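If you read the sequence shown in the numbering used here, its first letter stands for residue 1, the second for the next number, and so on.
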Amino acid sequence: MLTLPVSLLALLAERPKLAILTGAGVSAESGVPTFREAQHGLWAQFSPQELATPEAFANNPQRVWDWYRWRRELVQQGQPNAAHHSIAALAVQPSQCALVTQNVDGLLQRAGAVEVTELHGNLWRQRCAKTCGYVETVEQPGAGGPPPCPNCTAQLRPDVVWFGEALPEQALQDAMSAITQADMVIVAGTSNLVYPAASLPLQALKMGKTVVEINPEQTPLSSQADYFIATPASEALPAMQNSWLN
Ligand code: BJW
Ligand code: ZN
């Protein structure tokens, strides 16, 4: 059983308002690969320029679509893990604990979380690749190529944020407001390398919030965070949940 630092346990017992920011590491134990890990990360096998940019989709929509279908299949086969369940339990009252994720897998929602700010979109939505504004949710990975937009002549694309694209404005605003309202910001399972998401913990530090990082590996945030818990999220988050709820 993981023992958290005594001073962190004492802080948690005061029931601070929380904001939890998550990244791919939180879903790793559900069998969903991370991006930047040297052995198993998606970017060790695939080129982000060829799969996660608007240019890649324009040049080879079928290739990009096939890759996203495979990613949907992986997520469909996985189940929420102990970290997702703890986060969902912590956020039963969203006014006391706000959730912000970079993940597109929907696993927090499958664990029961109702209000999740998604900074990078969601794999289970697709939208018009042009500007007509059509968007739909899907439940199955789907077969074939990118479907035609029912509203115009374009194709549909995954409703995720690719490199070089702006994050959804409302989601960024909600993330900032989650941090502003929190006393403690928990940053779990992210390499803290992708901006603007990586700037959120830095802003929290500037605002004087207590920042707790959970990651088995060091990141650029680790030396600045108030607490760096070098443990998998599936162990650290249940331990934090116990102290906060009791
Ligand atoms: C565990 C664990 C366990 C493992 N428990 N932990 C130079 C400087 C600054 C910025 C830039 C720059 N050059 C370019 C940029 C901008 C760029 C960027 O930040 N690039 C950096 C890589 C340098 N950013 C953008 O382009 C963003 N847009 C933008 O800036 O727009 C500007 C604009 C404004 C106005 C108009 C137009 C434009 C968009 C970024 C979009 C990112 N998209 C992706 C793909 C989403 C869709 C999909 O999934 O396919 O988002 S990339 C990928 O990275 C994905 C993730 O959400 C994101 C973050 O990754 P994450 O979650 O941190 O995963 P990993 O793999 O990096 O880390 C996992 C961690 O978990 C590791 O640390 C492990 O140790 C840990 N771990 N097991 C706990 N059990
Ligand atoms: Zn359209």
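Cβ atoms here follow ideal geometry from the backbone N, Cα and C, with glycine treated the same way.
Fair warning: this is a prediction, and the values are worked out from it, not measured in the lab.
Taking one beta carbon from each stretch, the segment 83 to 94 and the segment 106 to 125 have 3 or more pairs nearer than 8 Å; the two touch. Leu-193 sits in coil when the DSSP states are folded into three classes, being neither helix nor strand. With respect to the C-alpha of Leu-8, the residue from Gln-102, Thr-231 and Asp-226 having the closest C-alpha is Asp-226. The three-state reading of DSSP puts Arg-157 in strand, counting E and B together.
Listed by position in the chain, the residues whose beta carbon lies within less than 5 Å of some heavy atom of the ligand ZN are Cys-128, Cys-132, Tyr-134, Cys-149, Asn-151, Cys-152 and Ala-154.
Closest by C-alpha distance to Gln-224, out of Asn-242, Pro-201 and Ala-230, is Pro-201. Pairing Glu-165 with Leu-99, the inter-Cα distance amounts to about 22 Å. Of the candidates Asn-122, Gly-142, Val-138 and Ala-233, Ala-233 places its Cα closest to the Cα of Gly-189. Taking a contact as a CB-CB distance under 8 Å, the pair Gln-140 and Pro-146 does not count as one, their CB atoms being some 15 Å apart. Under the 8 Å Cβ criterion, the segment 179 to 187 counts as touching the segment 209 to 216, having at least three qualifying pairs. A residue is called buried once 16 or more other Cβ atoms fall within 10 Å of its Cβ, and Gln-241 is buried on that count. Between the segment 25 to 40 and the segment 72 to 81, the count of Cβ pairs shorter than 8 Å is three or higher; the stretches touch. Bridge partners of Thr-22 according to DSSP: Thr-101 and Ala-188. When secondary structure is reduced to three states using DSSP, Leu-107 falls in the helix class. With respect to the C-alpha of Gly-41, the residue from Glu-50, Ala-24 and Phe-57 having the closest C-alpha is Ala-24. Separation of Asn-151 and Arg-69 (C-alpha to C-alpha, rounded to the nearest whole angstrom) is 22 Å. Scanning Arg-157, Asp-183, His-120 and Val-26 for the CA closest to the CA of Leu-12 turns up Asp-183.
If you draw a straight line from the Cα of Ala-129 to the Cα of Ala-10, it is about 49 Å long.
Sequence-distant partners of Ala-38 (beyond 5 residues in either direction) whose C-beta falls short of 8 Å from its own C-beta, in its chain, are Ala-44.
For Phe-228, the enclosing beta strand (DSSP E) stretches over residues 227 to 229. Short of 8 Å from the beta carbon of Gln-181, and not among the five residues preceding or following it, lie these beta carbons of its own chain, in chain order: Lys-17, Ala-19 and Ala-98. If only uninterrupted alpha helix (DSSP H) runs of at least 4 residues are considered, those enclosed by the segment 63 to 138 are 82 to 90 and 107 to 110. For Ala-24, the CB falls within less than 8 Å of some heavy atom of the ligand BJW.
Contact between Asn-192 and Thr-219 holds, since their C-beta atoms are separated by about 4 Å, short of 8 Å. Annotation for Gly-121: Val-104, Asp-159, Val-160 and Val-161 place their beta carbon closer than 7 Å to its own, counting only its chain and skipping 5 residues before and after.
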